[in-house]
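> Handing you a structure now.
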RNA sequence: UGGACCAUGGUGUAAUGGUAACACUACAGGUUUUGGUUCUGUCAUUAUGGGUUCGAGUCCCGUUGGUCCAACCA
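Written out as structure tokens, the structure reads:
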């Protein structure tokens with residue numbers, strides 16, 4: 031009997047290298063079997079597709095292995111940060127479908143960081159340096175030559191202590207003093223050459239007000255917050271690899287500080303005793319997202335918005351999550367894309383086509399099919415009575431099928447009106463077709479999707495320009511879609527809209543903003559060779575056709591009333607999305623991505 | 001010219017010392033009331049030279065190429 035088939039082979043799910051580490055750590059009982067990650071954006075700008083990759087990792091791995099992921103705003107630099115961004119960040123993460131455990135801020139830990147810094151001074155691990163930034167830079171050495179010690183390196187502890195207090199008093203000018211960790215000015219790791227712990231900013235913080243005038247640096251914040259918060263796996267991108275050694279050093283100092291009675295104001299879960307190696311946060315790095323024909327850096331994105339190259343951060347051409355959302359990508363399509371590119375330690379340049387393919391794959395199942403004519407030309411059905419019209423039922427989504435593979439019609443249709451005068455796509459008619467063209471041309475039968483089979487009998491062209499102005503057809507009344515008479519082989523099916531029953535629409539078609547694969551490198555090189563910076567170095571690589579607005583388009587009336595961000599497929603053209611600016615009176619649609627097109631092959 | 005990291009089809013990933021696999025792209029073809037979807041097929045001396053091993057994409061050494069590190073940014 032064939033009932034006892036070979037056991038269904040469990041497809042071994044392959045974990046990425048970080049998931050594997052997490053799995054192994056959990057199995058080994060590290061951190062008491064706890065799993066905690068964090069997503070730590072600096073609230074100084076909008077999240078982009080690169081962040082989506084980090085989000086999918088930080089939240090995803092916690093979800094997958096039963097841990098939690100906190101959202102931590104890395105707000106240690108009040109010069110650049112703003113509460114406006116906090117809300118945008120939260121909205122984008124939620125839109126992607128993730129939930130954080132706790133919402134915390136690096137500034138929640140400022141007091142503990144300060145106390146820890148004081149302990150570092152008292153134990154001879156830190157000192158206040160009063161040199162200028164130029165002097166300090168000169169002493170730092172280079173990657174190939176060792177640095178030299180600051181003359182303040184061995185100043186008395188009491189002196190550093192009182193100076194550190196002054197750094198936070200508001201009476202010290204920024205740049206006059208910094209607190210430095212006393213490590214090794216000759217280290218081959220530049221981050222060990224007495225890194226800065228605190229700098230004077232004399233600035234109010236949007237959360238802590240005027241309490242602080244000296245603020246901790248990234249390296250004296252991130253790992254420390256991880257530790258205090260109980261993060262077990264601190265996952266970040268590859269450019270932080272060289273910070274890891276310092277991260278580890280500070281973690282051991284912190285443990286020592288607490289073991290010697292250091293008190294924290296926040297509730298720290300990490301046990302004071304116990305083997306440090308089994309009870310600490312650890313940093314792991316993966317490759318960040320690079321996309322060809324895309325520029326990701328915040329600095330350059332800011333220039334594009336300031337110079338008016340794009341219309342704001344949520345312009346559908348922007349790689350920001352708000353831009354991509356407005357472009358019409360679903361969160362699922364983004365996650366599908368992220369999943370397809372994986373996590374490794376190889377510095378990859380991903381093909382934007384992978385992202386588009388993910389969008390098509392997801393939107394194919396999600397998007398409602400409608401009829402839209404972007405570049406219209408009129409068709410007159412000469413044997414269809416004037417003044418007559420009829421309602422035809424069309425399928426919203428043919429991908430919706432039952433167990434037998436038949437399209438589900440219930441709740442999956444809407445009506446479209448047919449009449450004597452129609453709009454069709456100008457490129458769907460050719461007066462003189464070439465061999466491979468099989469849409470509409472004189473003497474040929476063509477199927478009007480969901481309607482009738484028509485026969486093209488002629489056309490009228492402008493005498494001067496030769497432009498086709500009207501096309502004439504007769505229809506076969508017995509060929510109505512869904513009836514017996516429609517079951518005839520007709521090569522060529524096109525979409526259409528009844529002139530009287532459709533509405534004008536604005537259709538915005540997009541292409542990549544850049545004409546070169548790697549705009550970042552191209553711009554950098556152009557800056558170097560031509561001595562220009564900013565927008566002037568970007569212009570040569572900007573795609574002049576990145577936005578193509580068509581205001582002469584038509585759509586079904588039904589579609590014009592759909593709410594913003596509805597996922598649509600303009601049948602035979604591509605995926606489109608209702609723009610937030612859209613109104614029933616003035617519908618606006620954004621092209622997400624075109625349908626795969628094998629015309630002319 | 002210091003240190004750290006990396007190298008598998010066009011692109012990205014998998015193969016955990018034992019048959020180089022998958023997705024996307026591209027191309028060719030079948031099905032189709034979307035030139036869509038779907039289905040089938042085609043596309044690799046694992047950068048390179050040695051070594052260890054019965055056996056190497058995987059381990060070791062060298063070479064070449066690439067990335068990151070010298071902000072009072074994160």
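Numbering (the working numbering), first residue to last: 31 to 631.
Built from N, CA and C at the ideal position, the CB exists for glycine as well.
Using only the alpha-carbon positions, how far apart do residue 31 and residue 45 sit?
As a first step, residue 31 must be located in the first chain, where it is residue number 1. As a first step, residue 45 must be located in the first chain, where it is residue number 15. Note that residue 31 has pLDDT 35, beneath the 50 cutoff, so the model's placement of it is unreliable and the number below is only indicative. Going from the Cα of residue 31 to the Cα of residue 45 covers about 37 Å.
> For the beta strand (DSSP E) that residue 228 lies in, which residues bound it at each end?
As a position in the first chain, residue 228 is number 198, starting the count at 1. Where residue 228 is concerned, the enclosing beta strand (DSSP E) stretches over 226-230.
> What do you reckon, are the CB atoms on residue 228 and residue 246 nearer than 7 Å?
Here residue 228 refers to the residue found at position 198 when the first chain is read from its first residue. Here residue 246 refers to the residue found at position 216 when the first chain is read from its first residue. Cβ distance < 7 Å, so residue 228 and residue 246 count as in contact.
> So, is residue 617 buried or exposed, given that buried needs 16 or more other C-beta atoms within 10 angstroms?
The residue you call residue 617 lines up with position 587 of the first chain. Buried, since its Cβ has 16 or more Cβ neighbours within 10 Å.
> Are there three or more Cβ pairs, one per stretch, closer than 8 Å when the region 423-438 is compared with the region 454-465?
Judged by Cβ distances under 8 Å, the region 423-438 makes no contact with the region 454-465, as fewer than three pairs qualify.
> I believe residue 534 touches residue 584 by the beta-carbon criterion, under 8 Å. Please report the beta-carbon distance rounded to the nearest angstrom.
Mapped onto the first chain, residue 534 falls at position 504. Mapped onto the first chain, residue 584 falls at position 554. Yes, they are in contact, since the Cβ atoms of residue 534 and residue 584 sit about 6 Å apart, within 8 Å.
> To the nearest angstrom, how far is the alpha carbon of residue 275 from that of residue 566?
Walking along the first chain from the start, residue 275 turns up at place 245. Walking along the first chain from the start, residue 566 turns up at place 536. Taking the straight line joining both Cα atoms gives about 40 Å.
> The alpha helix (DSSP H) spanning residue 376 covers which residue range?
Taking the first residue of the first chain as 1, we reach residue 376 at position 346. Unbroken run through residue 376: none, as it is neither H nor E.
> Where are the beta strand (DSSP E) runs, 3 residues long or more, that stay fully inside the region 569-598, in chain order?
Here the runs fully enclosed are 577-586.
> Who are the near neighbours of residue 37 in its chain, counting only those whose CB is closer than 7 Å to its CB and skipping five residues on each side?
Position 7 of the first chain, counting from 1, holds the residue named residue 37. Here the model assigns residue 37 a pLDDT of 40, short of 50, so the residue's position is not dependable, and the following value carries that caveat. Hits under 7 Å: none found.
> Please state whether DSSP places residue 128 in a helix, a strand or coil.
On the first chain, residue 128 is found 98 positions in, with the first residue counted as 1. Three-state result, residue 128: coil.
> For residue 201, count neighbouring C-beta atoms within 10 Å of its own C-beta (all shown protein chains included) and say buried if the count is 16 or more, exposed if not.
Start at 1 with the first residue of the first chain, and residue 201 comes out as number 171. Its Cβ having fewer than 16 others within 10 Å, residue 201 is exposed.
> Assuming residue 453 is part of the beta strand (DSSP E), what are its boundary residues?
Walking along the first chain from the start, residue 453 turns up at place 423. It spans 451-455 - the beta strand (DSSP E) in which residue 453 sits, taken as one unbroken run.
> Can you check which of these residues, 455, 160, 146, is closest to residue 638 by C-alpha distance?
Residue 638 falls outside the range modelled here, since the chain spans only 31 to 631, and no answer is possible.
> Check this for me: beta carbons of residue 449 and residue 419, under 7 Å apart or not?
As a position in the first chain, residue 449 is number 419, starting the count at 1. As a position in the first chain, residue 419 is number 389, starting the count at 1. Their beta carbons are under 7 Å apart, which means residue 449 touches residue 419 by this criterion.
> In the DSSP assignment, the beta strand (DSSP E) including residue 90 goes from what residue to what residue?
Locating residue 90 in the first chain gives position 60, counting from the first residue. Here residue 90 belongs to no beta strand (DSSP E); instead the alpha helix (DSSP H) covers 79-94.
> Following the continuous beta strand (DSSP E) through residue 99, name the residue where it begins and the one where it ends.
Here residue 99 corresponds to residue number 69 of the first chain, with the count starting at 1. Here the beta strand (DSSP E) through residue 99 covers 98-103.
> Among 401, 412, 576, 542, which one has its Cα closest to the Cα of residue 445?
Counting from one through the first chain, the residue named residue 445 turns up at place 415. Closest by alpha carbon: 401.
> Under the rule that 16 or more other beta-carbon atoms within 10 Å means buried, what is residue 70, buried or exposed?
Counting from 1 along the first chain, the entry for residue 70 is found at position 40. Buried, since its Cβ has 16 or more Cβ neighbours within 10 Å.
> Can you tell me where the beta strand (DSSP E) with residue 255 in it begins and where it stops?
Reading the first chain from its first residue, position 225 is the one you call residue 255. Note, residue 255: premise wrong, no beta strand (DSSP E); alpha helix (DSSP H) at 252-259.
> With the cut-off set at 7 Å, would you say residue 490 and residue 497 are in Cβ contact?
As a position in the first chain, residue 490 is number 460, starting the count at 1. As a position in the first chain, residue 497 is number 467, starting the count at 1. Cβ atoms of residue 490 and residue 497: not closer than 7 Å.
> Give the range of the alpha helix (DSSP H) segment to which residue 136 is assigned.
Position 106 of the first chain, counted from the start, is the residue given in the question as residue 136. Neither: residue 136 is in no alpha helix (DSSP H) and is coded neither H nor E.
> Which residues in the same chain as residue 360 place their Cβ atom closer than 8 Å to its Cβ, once the five residues preceding and following it in sequence are excluded?
The sequence position of residue 360 within the first chain is 330, counting from 1. Cβ within range, chain order: 389, 392, 393, 396, 597.
> Measure the C-alpha to C-alpha separation of residue 320 and residue 60 and round it to an integer number of angstroms.
As a working mapping, residue 320 is identified with position 290 in the first chain. As a working mapping, residue 60 is identified with position 30 in the first chain. Distance between the alpha carbons of residue 320 and residue 60: 33 Å.
> Taking Cβ to Cβ, would you say residue 357 is nearer than 7 Å to residue 613?
Taking the first chain and counting its residues from 1, one reaches residue 357 at position 327. Taking the first chain and counting its residues from 1, one reaches residue 613 at position 583. Taking 7 Å as the Cβ cut-off, residue 357 and residue 613 do not qualify as a contacting pair.
> Jot down the residue ranges of each uninterrupted beta strand (DSSP E) in the region 496-558, minimum 3 residues, whole runs only, in chain order.
DSSP runs (the beta strand (DSSP E)) wholly in the region 496-558: 498-505, 532-540.
> Expressed to the nearest angstrom, what Euclidean distance is found between the alpha-carbon atoms of residue 494 and residue 530?
Taking the first chain and counting its residues from 1, the one referred to as residue 494 is at position 464. Taking the first chain and counting its residues from 1, the one referred to as residue 530 is at position 500. For residue 494 and residue 530, the distance between alpha carbons rounds to 28 Å.
> Note down the Cα distance separating residue 336 from residue 353, rounded to an integer number of angstroms.
Along the first chain, read from residue 1 onward, the residue named residue 336 stands at position 306. Along the first chain, read from residue 1 onward, the residue named residue 353 stands at position 323. Approximately 16 Å between the Cα atoms of the pair.
> Looking at residue 592 and residue 608, is the spacing between their C-beta atoms short of 7 Å?
In the first chain, counting from the first residue as 1, residue 608 sits at position 578. In the first chain, counting from the first residue as 1, residue 592 sits at position 562. Cβ atoms of residue 608 and residue 592: closer than 7 Å.
> Using a Cβ-Cβ cut-off of 8 Å (strictly less than) and excluding sequence neighbours within five positions of residue 6, which residues of its own chain qualify?
Limits of the chain in this structure are 31 at one end and 631 at the other, which puts residue 6 out of reach.
> For residue 248, which residues of its own chain have a beta-carbon under 7 Å away from its beta-carbon, when the five flanking residues on both sides are left out?
The sequence position of residue 248 within the first chain is 218, counting from 1. So the list reads 106, once near-sequence residues are dropped.
> Are the beta-carbon atoms belonging to residue 624 and residue 333 less than 7 Å from one another?
The sequence position of residue 624 within the first chain is 594, counting from 1. The sequence position of residue 333 within the first chain is 303, counting from 1. Contact: no.
> Note the first and the last residue of the continuous beta strand (DSSP E) segment covering residue 390.
The residue given as residue 390 occupies position 360 in the first chain. Element bounds for residue 390: not the beta strand (DSSP E) but the alpha helix (DSSP H), 382-396.
> Per DSSP, which residues does residue 196 bridge with? Please list them.
Start at 1 with the first residue of the first chain, and residue 196 comes out as number 166. DSSP lists no partner for residue 196.
> Look up residue 411 in the DSSP assignment and give the residues it is bridged to.
Numbered from 1 along the first chain, position 381 holds the residue referred to as residue 411. Bridge partners of residue 411: 503.
> Provide the residue(s) that pair with residue 159 in DSSP beta bridges, ordered along the chain.
Looking up residue 159 in the first chain gives position 129. Beta-bridge pairing links residue 159 to 208.
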